[in-house]
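What follows is a single structure, written as structure tokens, with notes after it.
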Ligand SMILES: Cc1ncc(COP(=O)(O)O)c(C=O)c1O
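Numbering (the working numbering), first residue to last: 40 to 432.
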């Protein structure tokens, strides 16, 4: 059966993103038992393919019903015992949320906060690690509120140099599937994400991958894990069972979403993952060039080297605000996101370019549509790009 999703506005917020017809069709798979042979095979393959996306051989995936937020709960409830010290590298809104979650489970959190548009430097991190011993360091790979891209490879290098026992946790909710991540090579202890961004699946799945070191730490902790649903000890037999072809029950998996993820991961892993990263990078370079050179607008990240490849955060030109742009784009069938970071909330907007919007450039022309619409909307609002001295059209 050939399935085509219905006509709808183009969703280019930084997640959830557009999903392919095949993925959406799999999300409407007929009912099947979560203990059946066919589903067991599907789930087992999903677990293995998720490892491929993170370029890890040894990481232990946990794929459960939930969203990215559940990944924070998993990290905090499993790795933190009351009173443990945690260092949060803060490059936007989501650093604060991770902090709140860690504190919920009794962590003593220090935040290394960068000004809006920046991320903490290597030197600041080294200094913080020398000043206090931390059990974990967390980093938001792409802070979706600012579009700032951190460098987990360098961060992990510094942590391993200065404080080798400290675990490195990567919030990859807005980066897995769109940014380069090499979990084993970079010695990351946890990478967590969700289904609705770079993985190109509807919302509803929390995906976490833990290193052998992180699993050992959970298995030898002194206090009881302060969560039931998020406990890795409850999920470990399930994940290992499905991977070995033997279904194990703890809580019912979201069967259809796992089927959808299976289709998406098959698409993703059918080519070298480096190609996917490169396509996101090229699309991002093109789009950002359009924003800065043709439109003359300013990005939120203060330097191109720390701008995400899966999204762009852009300041409104002087005199314009969300009400001049966002509803007018919507009238043209394009859904973008307004601001989120509270210090600059009304001053900028965000556009996502992840998944099929950048991978499928033969049948879709998503970013071209976005560019045309932005040009027209800015024109209609009376904006003139003074840097080139004429109207944007
Ligand atoms: C970087 C980052 N971390 C965590 C989250 C929370 O994920 P969710 O909304 O799926 O719970 C988000 C959501 O957009 C995010 O962008």
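Cβ coordinates follow ideal geometry from the N, Cα and C atoms, glycine included.
DSSP on residue i, reduced to helix/strand/coil?
i           : result
residue 227 : coil
residue 338 : strand
residue 327 : helix
residue 389 : strand
residue 419 : helix
residue 81  : helix
residue 123 : coil
residue 235 : coil
residue 348 : coil
residue 343 : helix
residue 256 : helix
residue 162 : helix
residue 173 : coil
residue 210 : strand
residue 129 : strand
residue 135 : helix
residue 429 : In this prediction, residue 429 has a pLDDT of 47, which is less than 50 and means its spatial position is unreliable; nothing more can be read from the coordinates.
residue 357 : coil
Return the residue from the list the options that minimises the CA-CA distance to residue i.
i           : options               : result
residue 193 : 422, 380 and 345      : 345
residue 197 : 227, 370 and 293      : 227
residue 64  : 229, 269, 375 and 300 : 300
residue 411 : 371, 425 and 401      : 371
residue 186 : 414, 392 and 419      : 392
residue 153 : 140, 258, 339 and 195 : 339
residue 135 : 408, 381 and 397      : 381
residue 53  : 252, 177 and 397      : 397
residue 385 : 361, 265, 56 and 216  : 361
residue 363 : 383, 322 and 413      : 413
residue 328 : 55, 315 and 352       : 352
residue 281 : 44, 87, 58 and 48     : 87
residue 422 : 336, 216 and 394      : 336
residue 41  : 60, 404 and 56        : 60
residue 178 : 204, 111, 122 and 121 : 111
Confirm the yes/no value for this check: CB of residue i, any heavy atom of ligand 1, distance under 7 Å.
i           : result
residue 405 : no
residue 112 : no
residue 329 : no
residue 82  : no
residue 146 : no
residue 266 : no
residue 213 : yes
residue 101 : no
residue 108 : yes
residue 388 : no
residue 210 : yes
residue 139 : no
residue 205 : no
residue 233 : yes
residue 143 : no
residue 185 : no
residue 78  : no
residue 399 : no
residue 54  : yes
residue 355 : no
residue 177 : no
residue 289 : no
residue 123 : no
residue 133 : yes
With residue i and residue j assumed to form a contact (beta carbons below 8 Å), what rounded beta-carbon distance in angstroms separates them?
i           : j           : result
residue 201 : residue 168 : 4 Å
residue 296 : residue 240 : 7 Å
residue 222 : residue 95  : 4 Å
residue 350 : residue 85  : Residue 350 to residue 85, Cβ: 25 Å. No contact.
residue 334 : residue 424 : 6 Å
residue 271 : residue 101 : 6 Å
residue 207 : residue 176 : 6 Å
residue 78  : residue 294 : 6 Å
residue 119 : residue 145 : 6 Å
Classify residue i as buried or exposed, calling it buried when 16 or more other Cβ atoms lie within 10 Å of its own Cβ.
i           : result
residue 218 : buried
residue 428 : Legend: pLDDT at residue 428 = 48, less than 50; position of this residue unreliable, value from coordinates given subsequently. Burial call: exposed.
residue 160 : exposed
residue 99  : buried
residue 267 : exposed
residue 74  : exposed
residue 170 : exposed
residue 326 : buried
residue 51  : buried
residue 231 : buried
residue 279 : exposed
residue 56  : buried
residue 90  : buried
Given 7 Å as the limit, tell me if residue i has its C-beta closer than that to any heavy atom belonging to ligand 3.
i          : result
residue 65 : This structure simply doesn't include ligand 3; it includes ligand 1 instead.
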